[in-house]
DNA sequence: TCTTTCCTATAGATTATCTATGTATAAGCT
DNA sequence: AGCTTATACATAGATAATCTATAGGAAAGA
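Protein chains in written order, with the working numbering: chain F, 1 to 114; chain W, 1 to 114.
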């Protein structure tokens with residue numbers, strides 16, 4: 001999911017991809033390619049979502065009922081699948097974000113210990 | 001690696017286990033059981049390192065030359081394998097911590113975006 | 001003697017991610 | 001017309017770290 005902009009190929013922090021996708025979709029319906037672009041830009045290109053990670057992840061989100069999908073036309077005049085958060089997806093984002101923070105803070109406590 | 005103290009079974013943030021182990025060993029030589037305890041306590045029991053994750057991880061660290069191991073007697077009078085950071089391991093910790101921070105901050109930028 | 005705590009370890013399953021690949025259309029350039 | 005680039009979706013198969021479950025054993029204390 002994450003790829004060093006360098007050569008180091010670090011696929012770090014799996015498990016956060018779904019959270020990032022859900023968060024991105026809070027801005028409104030978006031297609032996969034757009035989601036990847038948004039995350040890339042917003043993270044200053046540190047986070048680069050691979051297609052092989054993204055599309056399977058979107059399928060999982062669909063299956064879980066956290067997003068719905070609809071084929072539409074993009075401003076570029078292409079067919080694209082727009083994903084939209086469901087109410088369940090919104091709740092899930094809250095849960096995942098809280099859990100993520102809990103763990104990040106726990107890791108920080110260890111990493112900052114003398 | 002991580003286990004909710006509740007029931008939610010969240011095995012979050014794989015990839016950070018090695019970093020936590022290396023960091024813990026900065027305090028001095030320690031055996032596996034002690035490492036798990038230290039991380040558990042320091043993280044207020046949020047991070048619970050499973051044996052099935054820890055020992056394979058320690059094997060990997062040995063293979064990579066980031067730690068050395070030595071059988072010794074514990075204060076409790078038990079046989080235990082004490083692991084110790086190598087200079088290479090110290091360097092690796094710096095690298096991993098820097099990379100971890102880079103990614104955590106990138107994720108934070110996405111999660112804090114409007 | 002029984003139970004708890006301490007301590008190590010591995011086999012096998014799970015699962016998310018990555019790599020590689022394939023398809024296809026729009027737009028812009030020459 | 002032909003070429004390239006950017007856009008856009010998707011899947012198959014490999015990889016690898018983690019989890020689950022299990023095994024063993026020794027010390028200490030009840």
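A virtual CB, placed ideally from N, CA and C, is assigned to each residue, including glycine.
Is residue 30(W) helix, strand or coil by DSSP?
-> Translated into the one-based positions of the second chain, residue 30(W) becomes position 30. Of the three classes helix, strand and coil, the one that applies to residue 30(W) here is strand, per DSSP.
Identify the continuous alpha helix (DSSP H) that holds residue 114(W) and give its terminal residues.
-> In the second chain, counting from the first residue as 1, residue 114(W) sits at position 114. Here residue 114(W) belongs to no alpha helix (DSSP H), and DSSP marks it neither H nor E.
Exposed or buried, what is residue 102(F) when buried is set at 16 or more other beta-carbons lying within 10 Å of its beta-carbon?
-> Walking along the first chain from the start, residue 102(F) turns up at place 102. So residue 102(F) counts as buried.
For residue 43(W), go through chain F and note every residue whose CB falls closer than 8 Å to its CB, in chain order.
-> Counting from 1 along the second chain, the entry for residue 43(W) is found at position 43. Chain F residues near residue 43(W): 106, 107, 109, 110.
Check whether the Cβ of residue 46(F) lies closer than 8 Å to any Cβ atom in chain W.
-> The sequence position of residue 46(F) within the first chain is 46, counting from 1. Closer than 8 Å: yes.
Exposed or buried, what is residue 32(W) when buried is set at 16 or more other beta-carbons lying within 10 Å of its beta-carbon?
-> The residue you call residue 32(W) lines up with position 32 of the second chain. With 16 or more Cβ atoms within 10 Å of its Cβ, residue 32(W) is classed as buried.
Quick one: which chain W residues come within Cβ less than 9 Å of residue 97(F)?
-> Start at 1 with the first residue of the first chain, and residue 97(F) comes out as number 97. Under the 9 Å cutoff, chain W gives 111.
So which of 113(W), 19(W), 41(W) has the shortest CA-CA distance to residue 54(W)?
-> Start at 1 with the first residue of the second chain, and residue 54(W) comes out as number 54. Looking at the Cα atoms, 19(W) is the closest of the given residues.
Would you mind listing the beta strand (DSSP E) stretches within the stretch 17-101 of chain F that are 3+ residues and don't spill past its ends, in chain order?
-> Within the stretch 17-101 of chain F, the complete beta strand (DSSP E) runs of at least 3 residues are 67-73, 79-85.
With 16 as the cutoff for other CB atoms within 10 Å, does residue 73(F) come out buried or exposed?
-> By 1-based counting over the first chain, the position of residue 73(F) is 73. Answer is exposed; the Cβ neighbour count stays below 16.
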